[in-house]
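Working notes, beginning with the structure itself.
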Amino acid sequence: MHNTIDLRKPVAETIREHPEVKEILIDLGFKPLGNPLMLKTLGQATSLKNGSKMTKIPLETIKRTLSFHGYDVIGDD
C-alpha cells in the first residue's frame with residue numbers, strides 16, 4: 008500500500024485513496040468531513056493545506072498526526 012498523502016490534493020480525493028484518514032481528520036478538528044454533503048462539495052474543492060487555514064488547525068499538527076499514523080506527507084512547500 009502506498010501511504011503518501013499530498014497536502015495539495017482535494018480532501019475528498021485523499022479520503023477516497025485512504026478511507027481510514029477520514030476519522031483521523033475529523034478527530035483533528037475537520038468536523039464537517041463527517042457530513043457526506045460537505046465531504047462531497049467542500050471536500051472536492053479544498054486541500055488539506057487550504058483546509059488547515061480555514062479550520063485554523065496548524066499545518067504542522069496535521070503533518071505530525073499523519074506521520075504518527077504511518078503516512079509520508081508531501082506538498083507542504
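The sequence shown begins at 8 in this note's numbering and counts up one residue at a time.
Beta carbons are placed, not taken as given, at the ideal position from N, Cα and C, and that holds for glycine.
Report yes or no: do three or more beta-carbon pairs, one from the region 72-79 and one from the region 40-47, lie closer than 8 Å? no
Using a Cβ-Cβ cutoff of less than 8 Å, which residues in the same chain neighbour K56 once the five nearest sequence positions on both sides are dropped? L14, R15, L66, G82, D83
Applying the criterion that 16 or more other CB atoms from any shown protein chain within 10 Å of the CB defines a buried residue, is I33 buried or exposed? exposed
Terminal residues of the continuous beta strand (DSSP E) containing D13? 11-13
For the beta strand (DSSP E) containing I64, name the first residue and the last one. Here I64 belongs to no beta strand (DSSP E), and DSSP marks it neither H nor E.
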